[in-house]
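*Asks:*
Number of protein chains: 2
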Amino acid sequence: MADQTPSGENLLFLTDEQLRKGIEAMFFAYRGFTADPDRILEGMDYGRAHHRAVHFIHRSPGTTVSNLLTILGVTKQSLNRVLRTLIEEGLVEARVGRRDKRERHLHLTAKGQELERMLSDAQRARMRAAYRAAGPQAVAGFRQVLEAMMDPELRRQYQGLKESGA
Amino acid sequence: MADQTPSGENLLFLTDEQLRKGIEAMFFAYRGFTADPDRILEGMDYGRAHHRAVHFIHRSPGTTVSNLLTILGVTKQSLNRVLRTLIEEGLVEARVGRRDKRERHLHLTAKGQELERMLSDAQRARMRAAYRAAGPQAVAGFRQVLEAMMDPELRRQYQGLKESGA
DNA sequence: AAGTTACGTCAGCCTTGTTGACTTTCCAAG
DNA sequence: CTTGGAAAGTCAACAAGGCTGACGTAACTT
Chain Y
1 MADQTPSGEN LLFLTDEQLR KGIEAMFFAY RGFTADPDRI LEGMDYGRAH
51 HRAVHFIHRS PGTTVSNLLT ILGVTKQSLN RVLRTLIEEG LVEARVGRRD
101 KRERHLHLTA KGQELERMLS DAQRARMRAA YRAAGPQAVA GFRQVLEAMM
151 DPELRRQYQG LKESGA
Chain E
1001 MADQTPSGEN LLFLTDEQLR KGIEAMFFAY RGFTADPDRI LEGMDYGRAH
1051 HRAVHFIHRS PGTTVSNLLT ILGVTKQSLN RVLRTLIEEG LVEARVGRRD
1101 KRERHLHLTA KGQELERMLS DAQRARMRAA YRAAGPQAVA GFRQVLEAMM
1151 DPELRRQYQG LKESGA
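Going down the list, the protein sequences come from chains Y and E. Residue numbers are given in the numbering used here: position 27 of the first sequence equals residue 27, and the series is strictly consecutive. Residue numbers are given in the numbering used here: position 94 of the second sequence equals residue 1094, and the series is strictly consecutive.
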């Protein structure tokens, strides 16, 4: 219960300096994280917002617009602009719901899947390299800390995506 | 050298599914990461870009404009817009260089430090909670993976920031 | 004296986010 | 069967924060 080493554990990893380094690590790593897809997208008519939509439609085929809205955390006007171009250009198909005809169920077309694969190949290549360099133990820690950083609401969204994997 | 379990190690953490979960974890965690400062900033005249500038000026007092440019990875026009308002509103002071009078050395004023503290307190509180929940082992892994994800150029920038820690 | 560097600035554009207002469609409950 | 509200789409306007290109000035370097 003492102020120092409260549970006999070394708490040096909770110093402000360590926390600041963690913050900066997130900042720089996120830049790397988005760099490859951004590079691929530039020149095409699409951007990061399209990538996100395509990713989650791939991830949960048949998802509805409002589902996607919740996951992406943007307004429907914002999402709609993105979705409209994806549909117009034949990357995404919006099927009217069978049960509830107000809903649109979103699917990637062959062309959409092709783009998704290009983007996620690039992004996974970087993740794979990082994972491999750091090792399984580090990867487990990485995932734990990231999960703990999420808002509870988002954490549930995240965990709800199929194949939660331990 | 076989295709399966190449080094006798368990490589299940490198499956596409695991990599995708990692990608999604980054996405959702980054939202949490920026949420608190964003909340504080909204309503003020500032945004995320101002936060970043203030953070790195605090971190490296006396840094020059072009230094900051490199770290933030934006154009000088973009940074200038942000820096101008920070200087006008008395959060940042730009001192003409003693040795090289072309350079401007950036410092936070008392008012600037006050904002920096508000923002970083909020952001560190979340990091601290996440670190505490995950434990020191996990934190080490977290940092390792993030470093491995950075572009080499950015990794050097990151490591160059004082108090590298381990 | 000439060239280069650091910084600032004007103008204009793009992407991606926001509000607010309104319509259409459709399910479900009274 | 009507009606209330949810789901989706759309128009308009705006803001933040990126970008490019073109210039200007002061100061350092060769």
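Note that the Cβ used here is the ideal one computed from N, Cα and C, for glycine as well.
Would Y/Y158 and E/F1028 be called neighbours here (beta carbons separated by less than 7 Å)?
*Replies:* In this structure, E/F1028 lies closer than 7 Å to Y/Y158 by Cβ.
*Asks:* So, with DSSP's three-state summary, where would you put Y/V74?
*Replies:* The answer is coil: DSSP assigns Y/V74 none of H, G, I, E or B.
*Asks:* Pairing CB atoms from the region 144 to 158 of chain Y with CB atoms from the region 1036 to 1056 of chain E, are three or more of them under 8 Å?
*Replies:* Contact between the region 144 to 158 of chain Y and the region 1036 to 1056 of chain E is absent, because fewer than three Cβ pairs lie under 8 Å.
*Asks:* Can you tell which of E/E1093, E/T1070, E/L1014, E/L1146 has the C-alpha that lies nearest to the C-alpha of E/Y1030?
*Replies:* Checking every option, the nearest Cα to that of E/Y1030 belongs to E/L1146.
*Asks:* With DSSP collapsed to three states, give me the class of Y/D151.
*Replies:* DSSP places Y/D151 in coil when its eight states are reduced to three.
*Asks:* Looking at C-alpha atoms only, which residue of E/F1033, E/L1019, E/E1024 is the closest neighbour of E/L948?
*Replies:* In the structure as shown, chain E begins at 1001 and stops at 1166. Residue 948 of chain E is therefore absent and cannot be evaluated.
*Asks:* What residues in the region 1100 to 1129 of chain E bring their beta carbon closer than 8 Å to a beta carbon of chain Y?
*Replies:* Correct list: S1120, Q1123, R1124, R1126, M1127, R1128, A1129.
*Asks:* Rounded to a whole number of angstroms, what is the C-alpha to C-alpha distance between E/K1021 and E/K1111?
*Replies:* The alpha-carbon atoms of E/K1021 and E/K1111 are separated by roughly 41 Å.
*Asks:* Between E/E1116 and E/G1141, what straight-line distance do the alpha-carbon atoms span, to the nearest angstrom?
*Replies:* Answer to the nearest angstrom: the Cα atoms are 28 Å apart.
*Asks:* How would you label E/A1129, buried or exposed, when you count the other beta carbons within 10 angstroms and need 16 or more for buried?
*Replies:* It counts as exposed.
*Asks:* According to DSSP, is Y/T15 part of a helix, a strand, or is it coil?
*Replies:* Coil.
*Asks:* Give the DSSP-derived three-state secondary structure of E/E1173 in the structure shown.
*Replies:* This structure leaves residue 1173 of chain E out entirely; chain E is present only between 1001 and 1166.
*Asks:* List the endpoints of the continuous alpha helix (DSSP H) containing E/R1052.
*Replies:* Unbroken alpha helix (DSSP H) run through E/R1052: 1048 to 1059.
*Asks:* State the Cα-Cα distance for the pair Y/D151 and E/V1139, rounded to the nearest angstrom.
*Replies:* Using only the alpha carbons, I get a separation of about 18 Å.
*Asks:* Along chain E, in chain order, which residues have C-beta atoms closer than 8 Å to that of Y/G32?
*Replies:* M1149, M1150, D1151, L1154, listed in chain order.
*Asks:* Could you give the residue range of the beta strand (DSSP E) that holds E/L1091?
*Replies:* Looking at the DSSP string, E/L1091 is not in any beta strand (DSSP E), and its letter there is neither H nor E.
*Asks:* Please confirm if Y/I87 has its CB atom under 7 Å from at least one CB of chain E.
*Replies:* Not one chain E Cβ lies under 7 Å of Y/I87.
*Asks:* Are the region 1061 to 1075 of chain E and the region 1096 to 1111 of chain E touching by the rule of at least three beta carbon pairs closer than 8 Å?
*Replies:* Verdict: yes, contact present.
*Asks:* Looking at E/V1082: is its Cβ nearer than 7 Å to the Cβ of E/A1053?
*Replies:* Result yes, Cβ atoms of E/V1082 and E/A1053 sit closer than 7 Å.
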